[in-house]
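**Student:** Let me begin by handing over the structure; questions about it come next.
In the numbering used here, the protein residues as written are 3 to 347.
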């Protein structure tokens, strides 16, 4: 129980990992976000159909207009130090149909299946409807992003007290599951692998109580094996940790067949169990004008599509966001792209 409580605190990340201002109100930026430009001609009929299907499958409806609204945060978010090259990067909470179809088109171009995209947008629309489009931005910049965790949590508990929502790992798996192949671990019984997977308790509960299906019961073992914590050593030697992560992937025969979209994972230290767990995950999508990073920071945090001009910018952003979880005994978080470590220049 102590571990699960600890996980909830870690998973929430204060909802402010992407915040770069001490102001208590959200305002649309005065500067123009960098990133891919929107082209109506790029939208496909297929995306229109997918979004329509997602809307029909949504168990929650709202009369609120899909637009960003200013608000006063109940808590002052932590300040995140961003490098100058990413401060003005564009972020969208996928509020408007235009932004939804924009991302949908990119997902299709990156070989993400129609079914996975539909399930993803069903989750997005559920979240946006539950929050009544409060605290959301159709488009803003990383420097301006700020969310009210207390208010958002209250709205979700009111809508469905049994469903905690989705998080980064669930979101990434929903989009990439068709391209992931592995040998599932048998989690039945009290095994070492079960103890190494303690931090996925809230994920499993979310999958089991969701009012719509995004991960089937048959896919649960694949999900848990992919995000299985890695047993390692109490050392700050990064190469040692990387070796253990790669060895576990090899043992479980984890492969990624999508030659475009990639799983980005952030491995963090668990000193008590001498293990590394995937504390954050997202999907990296190459685009004509750079890269799109799709993530959901926590169960009660909004979905984010972030439009970077380079892959290096993505890693600079993630490094800034998760450097705070550096362990004195086990070192800084380690970034992986699929089954290879990311070298930060």
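Idealized CB from N, CA, C, for every residue including glycine. Note that this is a predicted model, so its numbers are computed, not measured.
1. Do residue 143 and residue 92 have their C-beta atoms closer together than 9 Å?
2. Check whether the Cβ atoms of residue 204 and residue 331 lie closer than 9 Å to each other.
3. What's the gap between the Cα of residue 295 and the Cα of residue 267?
4. For residue 334, which residues of its own chain have a beta-carbon under 6 Å away from its beta-carbon, when the five flanking residues on both sides are left out?
5. Residue 90 to residue 280, Cα distance in whole Å?
6. Going by DSSP in three states, residue 125 sits in which element: helix, strand or coil?
7. Exposed or buried, which one is residue 297 when buried takes at least 16 other CB atoms within 10 Å?
8. Assign residue 304 to buried or exposed, taking buried as 16 or more other Cβ atoms, counted over all protein chains shown, within 10 Å of its Cβ.
9. According to DSSP, simplified to helix, strand and coil, what is residue 332?
10. Using beta carbons (cut-off 9 Å, strictly below), is residue 284 in contact with chain B?
11. What's the gap between the Cα of residue 215 and the Cα of residue 177?
12. Can you find the residues in the same chain that come closer than 6 Å, C-beta to C-beta, to residue 257, ignoring five residues on each side of it along the sequence?
13. Count the C-beta pairs between the stretch 261-278 and the stretch 229-243 that are closer than 8 Å, then say yes if the count reaches three, no if not.
14. Take the Cβ of residue 32 as the centre, count every other Cβ of all protein chains shown within 10 Å, and call the residue buried at 16 or more, exposed below.
15. Can the beta-carbon of residue 189 be found closer than 9 Å to that of residue 151?
16. For residue 73 and residue 320, I'd like the C-alpha separation in whole angstroms.
17. List the whole-angstrom C-beta distance separating residue 287 from residue 109, where the pair is believed to meet the contact cut-off of C-beta under 8 Å.
18. Within this structure, are the beta carbons of residue 187 and residue 210 separated by less than 9 Å?
19. Distance, Cα to Cα, residue 245 vs residue 101?
20. Throw me the rounded Cβ distance for the residue 125 and residue 168 pair, which I believe falls under 8 Å.
21. If I'm right that residue 340 touches residue 265 with Cβ under 8 Å, what's the distance once you round it to whole angstroms?
22. On a Cα-Cα basis, can you pick out the residue from 88, 171, 56 and 306 that is closest to residue 348?
23. Starting from the C-beta of residue 164, find all residues in its chain whose C-beta is less than 6 Å away, skip the five residues before and the five after it, and write them out in chain order.
**Tutor:** In this structure, then:
1. In the chain shown, residue 143 corresponds to position 141, counting from 1. In the chain shown, residue 92 corresponds to position 90, counting from 1. It is a contact, given that the beta carbons lie within the stated cut-off.
2. Residue 204 sits at position 202 when you count from the first residue of the chain shown. Residue 331 sits at position 329 when you count from the first residue of the chain shown. In this structure, residue 331 does not lie closer than 9 Å to residue 204 by Cβ.
3. Within the chain shown, residue 295 is the residue found at index 293, counting from 1. Within the chain shown, residue 267 is the residue found at index 265, counting from 1. About 12 Å.
4. If you number the chain shown from 1, residue 334 lands on position 332. If we look at residue 334 and ignore the five residues flanking it on each side, its Cβ neighbours are 328.
5. Against the chain shown, residue 90 aligns to sequence position 88. Against the chain shown, residue 280 aligns to sequence position 278. Just so you know, the alpha carbons of residue 90 and residue 280 end up roughly 27 Å apart.
6. Mapped onto the chain shown, residue 125 falls at position 123. Note: residue 125 maps to helix in three-state DSSP.
7. As a first step, residue 297 must be located in the chain shown, where it is residue number 295. Burial call: buried.
8. Position 302 of the chain shown, counted from the first residue, corresponds to residue 304. Classification of residue 304: buried, given that the 10 Å Cβ count is 16 or more.
9. Residue 332 sits at position 330 when you count from the first residue of the chain shown. Assigned with DSSP and collapsed to three states, residue 332 falls in coil, not helix or strand.
10. Structure shown: chain B not included; a single protein chain is present.
11. Along the chain shown, read from residue 1 onward, the residue named residue 215 stands at position 213. Along the chain shown, read from residue 1 onward, the residue named residue 177 stands at position 175. Residue 215 and residue 177 have their alpha carbons spaced roughly 13 Å apart.
12. Residue 257 sits at position 255 when you count from the first residue of the chain shown. These residues qualify, in order along the chain: 183.
13. yes
14. Indexing the chain shown from 1 puts residue 32 at position 30. Interpretation of residue 32 is limited by its pLDDT of 33, a score under 50 that renders its predicted location unreliable; no figure is taken from the coordinates.
15. Residue mapping note: residue 189 aligns to position 187 of the chain shown, counting from 1. Residue mapping note: residue 151 aligns to position 149 of the chain shown, counting from 1. At the C-beta level, residue 189 and residue 151 stay beyond 9 Å of one another.
16. Taking the chain shown and counting its residues from 1, the one referred to as residue 73 is at position 71. Taking the chain shown and counting its residues from 1, the one referred to as residue 320 is at position 318. Only weak support exists for where residue 73 lies, its pLDDT of 39 falling under 50; the coordinates are left without a value.
17. Taking the first residue of the chain shown as position 1, residue 287 is located at position 285. Taking the first residue of the chain shown as position 1, residue 109 is located at position 107. Contact holds; Cβ gap of about 7 Å.
18. On the chain shown, residue 187 is found 185 positions in, with the first residue counted as 1. On the chain shown, residue 210 is found 208 positions in, with the first residue counted as 1. No, these two residues do not count as a Cβ contact at 9 Å.
19. As a first step, residue 245 is located in the chain shown; it is residue number 243 there, counting from the start. As a first step, residue 101 is located in the chain shown; it is residue number 99 there, counting from the start. Rounded to whole angstroms, residue 245 to residue 101 spans 40 Å at the Cα level.
20. Indexing the chain shown from 1 puts residue 125 at position 123. Indexing the chain shown from 1 puts residue 168 at position 166. Right, their Cβ atoms sit about 5 Å apart.
21. For the purposes of this step, residue 340 is taken as the residue at position 338 of the chain shown. For the purposes of this step, residue 265 is taken as the residue at position 263 of the chain shown. Sure, about 6 Å apart at Cβ, within 8 Å.
22. The requested residue 348 is not part of the displayed model; the chain covers only 3 to 347.
23. For the purposes of this step, residue 164 is taken as residue 162 along the chain shown, with counting starting at 1. Result list for residue 164: 211, in chain order.
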